[in-house]
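Undergrad: Take a look at the following structure, please.
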């Protein structure tokens with residue numbers, strides 16, 4: 023079976039050695055996905071529209087605009103941001119998966135590292151990125167975007 027390609031995109035910052043190590047680690051230690059660090063100046067140089075936080079809508083719009091201009095097939099993509107991330111209904115999200123009008127996943131997700139050093143404390147940020155990249159990728163394939171129910175209770 024061939025590996026499923028997943029683009030990893032740093033939005034609003036230059037990729038870090040930690041993210042490069044995570045992509046290398048994941049590609050070396052599992053056989054289902056190929057994580058591709060997509061480098062593009064439009065993503066890297068992008069800044070939040072309001073200077074304090076990104077909205078999920080602005081990031082998904084940016085992805086759509088950039089993918090139209092890039093060559094190749096970008097079916098599954100995970101954007102990484104370092105600013106606070108707010109959605110349509112909730113604020114200060116860890117991440118988001120875009121859905122269409124029928125609540126189906128579109129293949130785009132966003133993950134933020136904002137505030138994670140405080141939450142993780144001595145746990146390396148790489149562990150968080152590994153969890154998020156694998157978790158989003160599995161949910162892309164399964165077709166179900168949430169790991170908690172609507173009442174914010176984690177599904178076990």
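Residue numbers (the working numbering): 23 to 178.
Ideal Cβ placement from N, Cα and C applies to all residues, glycine included.
Can you tell me where the beta strand (DSSP E) holding residue 26 begins and where it ends?
TA: Note, residue 26: beta strand (DSSP E), 26-32.
Undergrad: In whole angstroms, what separates the C-alpha of residue 24 from that of residue 54?
TA: When rounded, the distance between both Cα atoms is 8 Å.
Undergrad: Measure the alpha-carbon distance for residue 35 versus residue 162 and round it to whole angstroms.
TA: Taking the straight line from one Cα to the other gives about 25 Å.
Undergrad: Spell out a yes or no on whether the region 67-76 and the region 32-52 are touching, meaning 3 or more CB-CB pairs, one atom from each, closer than 8 Å.
TA: Touching, yes, given that three or more Cβ pairs across the two stretches are closer than 8 Å.
Undergrad: Using the rule of at least 16 other Cβ atoms within 10 Å of the residue's Cβ for burial, across every protein chain shown, is residue 154 buried or exposed?
TA: With 16 or more other Cβ atoms within 10 Å, it is buried.
Undergrad: Going along the chain, which residues of its own chain have a beta-carbon closer than 6 Å to the beta-carbon of residue 159, five neighbours each way excluded?
TA: So the list reads 28 and 55, once near-sequence residues are dropped.
Undergrad: With DSSP run on the structure shown, which of helix, strand or coil describes residue 130?
TA: Three-state result, residue 130: strand.
Undergrad: Under 6 Å Cβ to Cβ from residue 42, same chain only, skipping five residues before and after it: list those, please.
TA: Answer for residue 42: no residue qualifies.
Undergrad: Please list, in chain order, all residues of the same chain as residue 62 whose beta carbon is under 8 Å from its beta carbon, the five residues on each side excluded.
TA: Answer for residue 62: 31, 88 and 92, listed in chain order.
Undergrad: So, with DSSP's three-state summary, where would you put residue 118?
TA: DSSP places residue 118 in strand when its eight states are reduced to three.
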